[in-house]
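Residue numbers (my numbering): 84 to 338.
Report on the structure given below.
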């Protein structure tokens, strides 16, 4: 078969097939009349194998040597490195997927006017934002977008205070190495959350009295607060701070 047919059957571009040949990795026969390349089934198998090995992280040089029975140890080393990279990518993708699912659940609460949601959080990490490192935080979020949520954190010991200490934080999973010295593990737990419309002004600040009814509702369904509370924005007006949709998420346990 000609190179066009070989490309169609293998899913590898004509240019890449020519490149493999130029590197001496395949050796198609030639038509005696017009000197065109003729690709056999063996050539197709080689093309697919080369492309597969290269796509999972082996260099073409190592693949070429491997085809000649050399560099098996180097091939194993390159694959182990590739496996680590792929596992890291998988971890970030799963984190983004979980965050997307969580946001979809929140939007479902809004559209279907659900009064509350009970769920479970896996282990995650909390980073307290300080004024002096805001630029670093936003840079980190830009690099790792989709896996962190900005929250106002109310620690359990401060829940009943008249005024809550300013505690802006990021919740995220998986572990972010750049923040390893400043993060706190939040163990897996159950949560109860509700959505509120909140006017973000000085005269309408959320306080413990705002949460007392929520806590009463939690107890009526067989749970009690057992940890921190997180408040985070879901929706808002682009031009002002009025009528923001905020989520109040309470760490709970069964009574």
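In this text, a Cβ means the ideal position worked out from N, Cα and C, and glycines have one as well.
Keep in mind it's a predicted model, so treat the numbers as computed, not measured.
- Around the Cβ of residue 186, a 10 Å sphere holds fewer than 16 other Cβ atoms; the residue is exposed.
- Around the CB of residue 133, 16 or more other CB atoms lie within 10 Å, so the residue is classed as buried.
- Per the C-alpha coordinates, the member of 292, 182 and 173 positioned closest to residue 245 is 292.
- Beta-bridge partners assigned by DSSP to residue 273: 203 and 335.
- Assignment of residue 134 by DSSP, reduced to helix, strand and coil, places it in the helix class.
- With respect to the 8 Å criterion, residue 157 and residue 230 are not classified as neighbours on the basis of their beta carbons.
- Non-local C-beta neighbours of residue 307 in its own chain, meaning closer than 6 Å and more than five positions away in sequence, comprise 338, ordered along the chain.
- Annotation: residue 274 to residue 257 spans about 19 Å, alpha carbon to alpha carbon.
- A straight line joining the alpha-carbon of residue 145 with that of residue 125 spans about 20 Å.
- With a cut-off of 8 Å on Cβ pairs, the segment 231–251 is not in contact with the segment 189–200, counting fewer than three such pairs.
- Around the CB of residue 255, 16 or more other CB atoms lie within 10 Å, so the residue is classed as buried.
- For residue 266, the secondary structure class from DSSP, reduced to helix, strand or coil, is strand.
- Annotation for residue 171: no residue places its beta carbon closer than 7 Å to its own, counting only its chain and skipping 5 residues before and after.
- In the DSSP annotation of this structure, residue 96 is not part of any alpha helix (DSSP H), being labelled neither H nor E.
- Residue 161 and residue 212 have their C-alpha atoms some 39 Å from each other.
- Taking all protein chains in view, the Cβ of residue 135 is surrounded by fewer than 16 other Cβ atoms within 10 Å, so the residue is classified as exposed.
- Taking C-beta atoms under 8 Å as the contact rule, residue 106 and residue 147 qualify, at a distance of about 6 Å.
- Assigned with DSSP and collapsed to three states, residue 112 falls in strand.
- Residue pairing by DSSP places residue 253 opposite 210 and 233 in a beta bridge.
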